[in-house]
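Trainee: This structure is in structure tokens; I'll ask about it shortly.
2 protein chains.
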Amino acid sequence: MKSVNTDVAYDYIRKRILSGEFSPGQALLTETLAAEIEVSRTPVRDALRKLETDGLVTIRAHLGASVKKMNLKEFREMSDLRLALESHAAGLAAVNHTDADLSAIKFALDAMRFLTDKIVAADNEQPFLGDLVREDIRFHIAIMAASKNELMQREIMRLHLLHRVVSGLSNIDGGAGPKVESDVRRLAVLAKHEDIYRAIAGGNSREAKNEMGYHLQELIDHNLHALARAEAGVLSRDLTAEELLYSGHL
Amino acid sequence: MKSVNTDVAYDYIRKRILSGEFSPGQALLTETLAAEIEVSRTPVRDALRKLETDGLVTIRAHLGASVKKMNLKEFREMSDLRLALESHAAGLAAVNHTDADLSAIKFALDAMRFLTDKIVAADNEQPFLGDLVREDIRFHIAIMAASKNELMQREIMRLHLLHRVVSGLSNIDGGAGPKVESDVRRLAVLAKHEDIYRAIAGGNSREAKNEMGYHLQELIDHNLHALARAEAGVLSRDLTAEELLYSGHL
DNA sequence: GCAACATCGGTGTTGACACTCTTCATGGTT
DNA sequence: AACCATGAAGAGTGTCAACACCGATGTTGC
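Top to bottom, those sequences are chains A and B. Numbers given in our numbering equal positions in the first sequence, counted from 1, plus 13. Numbers given in our numbering equal positions in the second sequence, counted from 1, plus 13.
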């Protein structure tokens, strides 16, 4: 059913959403897109349907498509879903990993350690931040792959991309506080990663699962605070956990 | 984007798949369906795309759509996904449930206890089997609802329906062995449900999660054996765990 | 200021056409 | 005679442009 033109349209729109050119909430006009891609509206419609599947796009009857936009409640729910899947995958990875999987995980971990040390030592963190984020992602992907459950892997990846789109990428994490605080956080994250790696390498399924769960819960809380600040337009002070909870009920 | 006709087509095809009229692997011709529903091919195409989203339909370029068919590997992966989500949801339910949620869970549990006793006591199990299955489903749904995570709830429901379609419903479970064995199994399942309920009512998140995990793992193993038997065409004897593992690699 | 109405942008739907894949028949080869 | 390669026909999907319809916006009259 899907065919060449549909795939071209799908790749084109997907890329522009993931790159941030199309931001959350932005309307996606079928005619405009069709003209840009130089195909008719039909394959564009198909592509948008498929993107809706991925969760990247919202479609409402007669109102058209727009880039997915979440409120705090949805964001929290999605994050929790990710936590459930990714910690389960970590538990599987502890049991199912091959030597090659383990090497890949360790490689990403070593790179993260190297980069974190460099960032903590340097005055200017910017040059290495991108690399650090990339290695972090590689670490998590390597673990998913080691779980040997392709379906779960795809699902987690989907949620990762969705997370990236709706959280607005670097809009949030960048410069969220004094460098010292960020450094402390980075070292804590690194330590957690080492714990996770140890559990997986040791074949301890339950521990791998738990450690990954704690790690992600911590990340999620961090993200939720950042997103809540951004949504409320309050940039100067943190919301308390209770305020955060309530703001999710809008 | 979706509209009346698309929805009509979606409901129509979905219902026939879920009712078992369209069995796994069966081709779904756009023209034929369009003629039956009395709309053009476009809304039918849209509906099939949406059903692909749900996982109920497979679409390949230029080859058309067919009802989803899984091999053992995919089935195992899907089951494991369900386990991850549903046990996590049980953990959430222990913390987030309202009194009404708890009543709903207890109601289904009481009904199951009543029906199980009746079945064990009776010679002919048939009249009550349908009811028992329904209450079992209600029990699990009530727990999902108590988790207060709508996204997770939808995802679990999706997997439930998918499971129902690809496993071929009653084709497998019915008459899988002597009644005494089935009775033993049913009592064990009931006992596990009671454990799960106790953990949730007691607000013990970790225990609820673990108990649900054990319960589902047991169910999955049971299903995998049944499916492997069915796929191999061997109905007289059980596969060993090892044989089962290998047969998944086809 | 508000309600009914006209306008317009954009989606939903349709039927026709182009293209791809499969199947089956034909003919040549070993 | 059996087998593979070639090609033609048919079935079904992918794509297109035009039309129908809905919802939002702005305008008119009261």
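Just so it is clear, CB atoms sit at the ideal spot from N, CA and C, and this is done for glycine as well.
1) Quick one: which unbroken beta strand (DSSP E) runs of 3-plus residues sit fully inside the stretch 47 to 127 of chain B? Chain order, please.
2) Label B/Arg-242 either buried or exposed according to how many other C-beta atoms from any shown protein chain fall within 10 Å of its C-beta, with 16 as the threshold for buried.
3) Could you check what DSSP says for B/Ala-212 in three-state terms: helix, strand or coil?
4) Return helix, strand or coil for B/Leu-145, following the three-state DSSP convention.
5) With 16 as the cutoff for other CB atoms within 10 Å, does A/Gly-188 come out buried or exposed?
6) Looking at the structure shown, is A/Ala-40 part of a helix, part of a strand, or coil, going by DSSP?
7) Can you name the residues of chain B whose CB is closer than 9 Å to the CB of A/His-238?
8) Considering just the uninterrupted stretch of the alpha helix (DSSP H) at B/Phe-18, what are its terminal residues?
9) May I ask you to list, following chain order, the residues of the stretch 150 to 177 of chain A that have a beta carbon less than 8 Å from some beta carbon of chain B?
10) Under 7 Å, do A/Asn-217 and A/Ala-107 count as touching if we go by C-beta distance?
11) Ordered along the chain, which non-local residues of its own chain (more than five positions away) have a Cβ less than 8 Å from that of B/Asp-186?
12) Based on Cα-Cα distance, which residue from B/Asp-67, B/Tyr-210 and B/Tyr-23 lies nearest to B/Ile-2?
13) Is B/Glu-138 helix, strand or coil when you go by DSSP?
14) Compile a chain-ordered list of the residues in the stretch 97 to 123 of chain A whose CB is closer than 7 Å to at least one CB of chain B.
15) I'd like the span of the alpha helix (DSSP H) that includes B/Glu-34, first residue to last.
16) Let's test the definition: count the other Cβ atoms within 10 Å of the Cβ of A/Val-80 and tell me whether it reaches 16, buried, or not, exposed.
17) If the cut is a Cβ gap below 9 Å, which residues of chain B does A/Met-225 touch?
18) Just the Cα atoms here: how many angstroms apart are A/Val-178 and B/Gly-143?
19) For A/Glu-220, tell me which candidate among A/Leu-232, A/Glu-207 and A/Glu-231 has the shortest Cα-Cα distance.
20) Just to confirm, is the Cβ distance from B/Met-165 to A/Leu-94 under 7 Å?
21) With a CB to CB cut of under 8 Å and the five nearest residues on each side skipped, what residues in its chain are close to A/Glu-168?
22) Can you tell me which of A/Phe-152, A/Asp-123, A/Leu-105 and A/Glu-194 puts its alpha carbon nearest to the alpha carbon of A/Val-133?
23) Beta-carbon within less than 6 Å of A/His-102's beta-carbon, same chain only, minus the 5 sequence neighbours each way: which residues are those?
24) Thinking just about the alpha-carbon of each residue, which of B/Gln-39, B/Gly-33 and B/His-153 is nearest to the one in B/Ser-100?
25) Taking a cut of 8 Å between CB atoms, which residues from the stretch 59 to 74 of chain B lie near chain A?
26) Please report the distance separating the alpha-carbon of B/Leu-67 from that of B/Ala-78.
27) Give the secondary structure of A/Ser-160 by DSSP, where H, G and I count as helix, E and B as strand, and everything else as coil.
28) If the criterion is Cβ atoms closer than 7 Å, does the pair A/Gly-33 and A/Lys-82 meet it?
29) At the 7 Å Cβ level, is B/Gly-188 part of the contact set with chain A, yes or no?
30) Here's the rule: buried if 16 or more other CB atoms are within 10 angstroms of the residue's CB, otherwise exposed. What is B/Arg-62?
31) Taking the alpha carbon of B/Ala-204 as the reference point, which residue from B/His-176, B/Phe-127, B/Glu-163 and B/Ser-92 has its own alpha carbon closest?
32) Nearest to A/Glu-200 by alpha carbon, out of A/Lys-131, A/Met-170, A/Arg-211 and A/Arg-147?
33) Between which residues of its own chain and B/Tyr-25 is the CB-CB distance below 7 Å, once the five residues before and five after are set aside?
34) Taking the C-alpha atoms as reference points, what is the distance between A/Lys-119 and A/Tyr-210?
35) Could you work out which residues of chain A lie near B/Leu-94, taking near to mean beta carbons separated by less than 8 Å?
Mentor: This is what the structure gives:
1) The beta strand (DSSP E) runs lying completely inside the stretch 47 to 127 of chain B and spanning 3 residues or more are 70 to 73 and 77 to 80, given in chain order.
2) buried
3) helix
4) helix
5) Model confidence at A/Gly-188 stands at a pLDDT of 48, short of 50, so the residue's coordinates are unreliable; what they give is reported in the following sentence. Burial call: exposed.
6) strand
7) Correct list: empty, because the minimum Cβ distance to chain B is about 20 Å.
8) The sequence as given places Asn at residue 18 of chain B; Phe does not occur at that position. 17 to 31 is the span of the alpha helix (DSSP H), which, as asked, contains B/Asn-18.
9) Asn-162, Glu-163, Leu-164, Met-165 and Glu-168
10) yes
11) Unreliable positioning characterises B/Asp-186 in this predicted model, as indicated by a pLDDT of 47, which lies under 50. A coordinate reading is not provided.
12) Past the boundaries of the shown model lies residue 2 of chain B; chain B is included only from 14 to 263, so the question cannot be answered.
13) coil
14) Ala-97, Leu-98 and His-101
15) B/Glu-34 -> no alpha helix (DSSP H), and no H or E assigned at all.
16) buried
17) In chain order: nothing, as chain B lies at least about 12 Å away.
18) A direct Cα-Cα distance of roughly 45 Å separates A/Val-178 from B/Gly-143.
19) Measuring from the Cα of A/Glu-220, the nearest candidate turns out to be A/Glu-207.
20) yes
21) Leu-98
22) A/Glu-194
23) Per the sequence shown, the amino acid found at residue 102 of chain A is Ala instead of His. Correct list, in chain order: Met-157, Ser-160 and Met-165.
24) B/His-153
25) Asp-59, Leu-61, Arg-62, Lys-63, Glu-65, Thr-66, Ile-72, Arg-73 and Ala-74
26) Just to set this straight, residue 67 of chain B is Asp in the shown sequence, not Leu. Going by the C-alpha atoms only, they are around 13 Å apart.
27) coil
28) Pairing A/Gly-33 with A/Lys-82 gives a Cβ-Cβ distance that is not under 7 Å.
29) Bear in mind that a pLDDT of 48 at B/Gly-188, under 50, signals an unreliable position, so the number given afterwards is only what the model happens to contain. No, B/Gly-188 lies away from the interface with chain A (no Cβ there is under 7 Å from its Cβ).
30) buried
31) B/Phe-127
32) One point to set straight first is that residue 200 of chain A is Leu, not Glu, in the sequence displayed. The shortest C-alpha separation from A/Leu-200 is found at A/Lys-131.
33) Ile-50
34) 7 Å
35) Leu-98, Asn-162, Leu-164, Met-165 and Glu-168
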